[in-house]
Each structure stands twice: as structure tokens, then as C-alpha cells.
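Student:
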Amino acid sequence: MKRYIYIASLLVLPILQSCEKKEATPLNLEVHTDKNSYKVGEQVLFHISGNPDQLTFFSGEEGHKYVYRERTKAIPQAVTLEFSTNRRYGTDVQQPNSLRLLVSQQFAGVYQPDAIKESDWVDITAAFKLSGIQVNDATYVSSGQVDLSKLSASGFNLNANAMVYFAFKYSGNTGSTQPRWWINQFSLNTETTERITLPIANLQGAAWTSIGLENSPVSWLLSSAGLRFQGGGATIGSNQVWAISKPLDLTSVTPDKGVALKNMSTRMDTYAYTFTAPGTYEITFVGSNSNVYGEYLVVKTVELEVTE
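First residue of the sequence shown: 383, per the numbering used here; consecutive thereafter.
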């Protein structure tokens, strides 16, 4: 009987030991710099003590502010659009208005030919600059930056709380060379009430869908090189093809992000960073020690003036 009691006690001991909680180690994080003012391009050396298991750095620059780390919505003060085009071949006399930019907040989001209704869309091409005929593929013309909230004269009254769609509409007529249009940049941004400019969508992120009407033989193609319509020679059939974006939320923004500097397998006593623009920056370091039983989190801020 004693033998069995003894063996049982050996089995119980490891179980009891395994149930002991190993709390996360308390953290005393401190961060300081050698001075409070630096020049643009001058290295800032942050001295770090406490050796946290994890350390994240928010520089205080746009897109990297700790205070906006959980922000997913912002109220637009302005919504701006800029894109770039390259046009080759064809003439305006034979192929007039071959590319138009339209916008809609009435489109139902059905990407089928019979769902495309001109009455749902507003032509805002006149507010932008399109490329003339170029002699090479490399020359792109900027449309200029346009505030979409100021296009009421064009018949478009922006509702910042509604989804918006954009469309590049191509029209080409058989019988003469149809122009080729390439678009390599599309930048839709919101400017918040705090005068902060935040991205909404770029060319790839707008996720264009090509919709051909009236048996159009050519389609819009989206690749890493851009959004392209190849046009064609005089014998190519007529084209009326729309490239329509996905629905874009004008109040949706990407939360600001920090940079992970270390994990528990490394040690960091200093961190060097260089600011490229003048301003007053609130830099934030977030340190933590954590395990399955708990977490110690410490946030330290350093304010610096960066001058020219």
C-alpha cells in the first residue's frame, strides 16, 4: 500500500507545480533624448531603459500617431482626387470624347451591362486635365488635384456619408484608329476637420471592373502597370466600355500604425530615428511584458521640436 501512495504523490507534485501562475514581469519603461530640439535630417537618439518584452514606436508623423491607432472613421473637410493619363493614337476629330470620368452615388453596384444607366452618373471630366496625344508611353499628364465637394456647378453634390463610385468611360468608333488610354495613378484622399490628409483609395485599391456595352470587342485591363484600354485600328468594332470602381467609403480611414522595434528575444537600449520635415512631434513608445496570465503595459511620450 505504501508503494502506491508514494507513486501517487509523485504524480500529484508536477501537476501542482504546473498550476502555479507565472505572472508577467512588472515593467519600468523610461525613454529620453539628449535634447528637445533637432534639425531636419539630424539623427535623434532615444535612450530606452526597462528592457520590455515588446516595444512599439509611433513617430508622431502623419499615419503614425498613437492617438489615432484605433481610428477607423474620420469626418471629411474635403475629398480630393488626382489621376494621371497617357494617350496615344487617334484624333479628336474622328474620335471625340474618347475618355470621360464619371462619378455616382446612385449606382446600385450591379456590374452588368443592363445595370449601367447614364442617369445614375455625373460627368465631371471638365474639372480635370486629360493627356493630349503623346509620342511615347512614358509621358503621363496629371489631372490636377480637384476637391469633389466643390463640383456642384458640374451637377455633382457630394454626400460624404454615402458610398461613391467612379467610372472611366471609353468610347471609340470603328472606321478610324481608336485612341489608346493608359492610367497609372489614381489618388483619392480625404482631408479631415483636423486638416490631416488621409488616403481613401489608390488605383489598385479601387478595384476596377470592365463592363462592355453593345458588344464592345475590347476591355479595360487592370494590372500592376495601371488601368489600360488599348483602343485599336480602323477595322476594330466600336467600343463603349466602362471601368467602374468598387464602392468607396469616404469616411473610412486606415488606423495609424506603429513600428515594432523588438520582441522578448532581443534587447534594445537605444533607437535612432531621423525626421524629414519640420514640426512639433509627439513620439510614443509602447512597451509591454505579457504572458497568458497577464500583461504590464507602459506608454511613454517624448515631445520634440524639429526645425529646418
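Positions of the beta carbon are idealized from the N, C-alpha and C atoms, including for glycine. From a predicted model like this one, the values you see are computed outputs, not experimental measurements.
Ignore the nearest five residues each way along the sequence and tell me which others in Arg451's own chain have a CB closer than 8 Å to its CB.
Tutor: Here residue 451 is taken as the residue at index 69 of the sequence shown, counted from 1. Within the same chain, Arg451 has close Cβ partners Phe440, Pro637, Asp638, Lys639 and Gly640.
Student: If you run the structure through DSSP and keep just helix, strand and coil, what is Asp502?
Tutor: Residue mapping note: residue 502 aligns to position 120 of the sequence shown, counting from 1. Note: Asp502 maps to helix in three-state DSSP.
Student: According to DSSP, Leu603 sits in a beta bridge with which residue or residues?
Tutor: Stepping through the sequence shown from its first residue, residue 603 is reached at position 221. In the DSSP output, where bridge partners are listed per residue, Leu603 has Arg610.
Student: Determine contact between the segment 432 to 447 and the segment 652 to 668, defined as no fewer than three beta-carbon pairs at a distance below 8 Å.
Tutor: Taking 8 Å as the limit for Cβ pairs, the verdict is that the segment 652 to 668 does touch the segment 432 to 447.
Student: What is the residue span of the beta strand (DSSP E) that Pro458 lies within?
Tutor: Here residue 458 refers to the residue found at position 76 of the sequence shown. Start and end: Pro458 to Arg470.
Student: According to DSSP, Asn621 sits in a beta bridge with which residue or residues?
Tutor: Residue mapping note: residue 621 aligns to position 239 of the sequence shown, counting from 1. Bridge partners of Asn621: Gly554.
Student: Buried or exposed: Pro478, going by 16 or more other Cβ atoms within 10 Å of its Cβ?
Tutor: Against the sequence shown, residue 478 aligns to sequence position 96. Result: exposed.
Student: Tell me, please, whether the segment 466 to 478 touches the segment 541 to 549 by the rule of three or more beta-carbon pairs shorter than 8 Å.
Tutor: The segment 466 to 478 is not in contact with the segment 541 to 549.
Student: Sort out for me which residues DSSP pairs Asn479 with in a bridge.
Tutor: In the sequence shown, counting from the first residue as 1, residue 479 sits at position 97. For Asn479, which the question treats as bridged, DSSP gives no partner whatsoever.
Student: Between the C-alpha atoms of Gly619 and Thr574, what's the straight-line distance to the nearest angstrom?
Tutor: In the sequence shown, counting from the first residue as 1, residue 619 sits at position 237. In the sequence shown, counting from the first residue as 1, residue 574 sits at position 192. Each residue's Cα considered, the two are about 46 Å apart.
Student: Among all the DSSP beta bridges, which residues are the ones paired with Lys682?
Tutor: Your numbering for residue 682 matches position 300 in the sequence shown. Phe667, per the DSSP bridge assignment.
Student: In terms of alpha-carbon separation, which member of Arg470, Gln567, Leu483 and His414 lies closest to Thr683?
Tutor: The sequence position of residue 683 within the sequence shown is 301, counting from 1. When only C-alpha atoms are compared, the closest one is His414.
Student: With DSSP collapsed to three states, give me the class of Leu643.
Tutor: What you label residue 643 is simply residue 261 of the sequence shown in a count that begins at 1. Note: Leu643 maps to strand in three-state DSSP.
Student: Judging by CA-CA distance, which residue of Phe657, Leu585, Gly614 and Leu632 is the nearest neighbour of Ile626?
Tutor: Counting from 1 along the sequence shown, the entry for residue 626 is found at position 244. Checked all of Phe657, Leu585, Gly614 and Leu632; the closest Cα to Ile626 is Leu585.
Student: By alpha-carbon positions, which one of Ser419, Thr591 and Leu530 ends up nearest to Tyr494?
Tutor: One-based indexing of the sequence shown puts residue 494 at position 112. Going by the sequence as given, residue 494 is Gln instead of Tyr. When each option's Cα is compared against that of Gln494, the closest is Thr591.
Student: Using beta-carbon positions only, say whether Ala659 and Val449 come within less than 8 Å of one another.
Tutor: By 1-based counting over the sequence shown, the position of residue 659 is 277. By 1-based counting over the sequence shown, the position of residue 449 is 67. Cβ atoms of Ala659 and Val449: not closer than 8 Å.
Student: Would you check if the segment 563 to 574 and the segment 452 to 470 touch, i.e. whether three or more CB-CB distances between them fall below 8 Å?
Tutor: Yes, since at least three Cβ pairs between the segment 452 to 470 and the segment 563 to 574 fall closer than 8 Å, the two stretches touch.
Student: Quick one, which of Gln527, Arg562, Gly557 and Tyr420 has its alpha-carbon nearest Thr656's?
Tutor: By one-based count along the sequence shown, residue 656 stands at place 274. Nearest C-alpha to Thr656: Tyr420.
Student: Tell me whether Leu393 sits in a helix, a strand or coil according to DSSP, three-state version.
Tutor: On the sequence shown, position 11 is the one that residue 393 refers to. Confidence at Leu393 is low in this model, with a pLDDT of 43, below 50, so its placement is unreliable and no value can be given for it.
Student: Compute the Euclidean distance between the alpha carbons of Val680 and Thr407, then round it to the nearest angstrom.
Tutor: The residue labelled residue 680 in the question sits at position 298 within the sequence shown. The residue labelled residue 407 in the question sits at position 25 within the sequence shown. Distance between the alpha carbons of Val680 and Thr407: 12 Å.
Student: On the DSSP letters alone, give me the boundaries of the beta strand (DSSP E) that Trp590 sits inside.
Tutor: Your numbering for residue 590 matches position 208 in the sequence shown. No beta strand (DSSP E) contains Trp590, which DSSP labels as neither H nor E.
Student: Using CA atoms only, rank isn't needed, just tell me which of Gly557, Thr633, Ile582 and Thr579 is closest to Gly615.
Tutor: Counting from 1 along the sequence shown, the entry for residue 615 is found at position 233. For the residues Gly557, Thr633, Ile582 and Thr579, the minimum Cα distance to Gly615 belongs to Gly557.
Student: Can you tell me the Cα-Cα spacing of Leu512 and Tyr471, whole angstroms?
Tutor: Your numbering for residue 512 matches position 130 in the sequence shown. Your numbering for residue 471 matches position 89 in the sequence shown. For Leu512 and Tyr471, the distance between alpha carbons rounds to 14 Å.
Student: Output the boundary residues of the beta strand (DSSP E) element that contains Thr656.
Tutor: Numbered from its first residue, the sequence shown carries residue 656 at position 274. Counting along the chain, the beta strand (DSSP E) containing Thr656 begins and ends at Thr652 to Thr656.
Student: Is the CB-CB distance between Ser598 and Asp435 below 8 Å?
Tutor: The residue you call residue 598 lines up with position 216 of the sequence shown. The residue you call residue 435 lines up with position 53 of the sequence shown. No, the pair does not count as a contact, with Cβ atoms beyond the cut-off.
Student: Just mark Ile515 as buried or exposed, buried being the case when its beta carbon has 16 or more other beta carbons within 10 Å.
Tutor: The count along the sequence shown starts at 1 and reaches residue 515 at position 133. It is exposed - the Cβ of Ile515 has fewer than 16 other Cβ atoms within 10 Å.
Student: May I ask you to report which of helix, strand or coil DSSP gives Tyr675?
Tutor: Here residue 675 is taken as the residue at index 293 of the sequence shown, counted from 1. Three-state result, Tyr675: coil.
Student: Just to confirm before moving on: does the CB-CB distance between Trp602 and Leu609 stay below 8 Å?
Tutor: Locating residue 602 in the sequence shown gives position 220, counting from the first residue. Locating residue 609 in the sequence shown gives position 227, counting from the first residue. Closer than 8 Å, so yes.
Student: From Leu686 to Met650, what distance separates their C-alpha atoms?
Tutor: Stepping through the sequence shown from its first residue, residue 686 is reached at position 304. Stepping through the sequence shown from its first residue, residue 650 is reached at position 268. Approximately 21 Å, taken between the alpha carbons.
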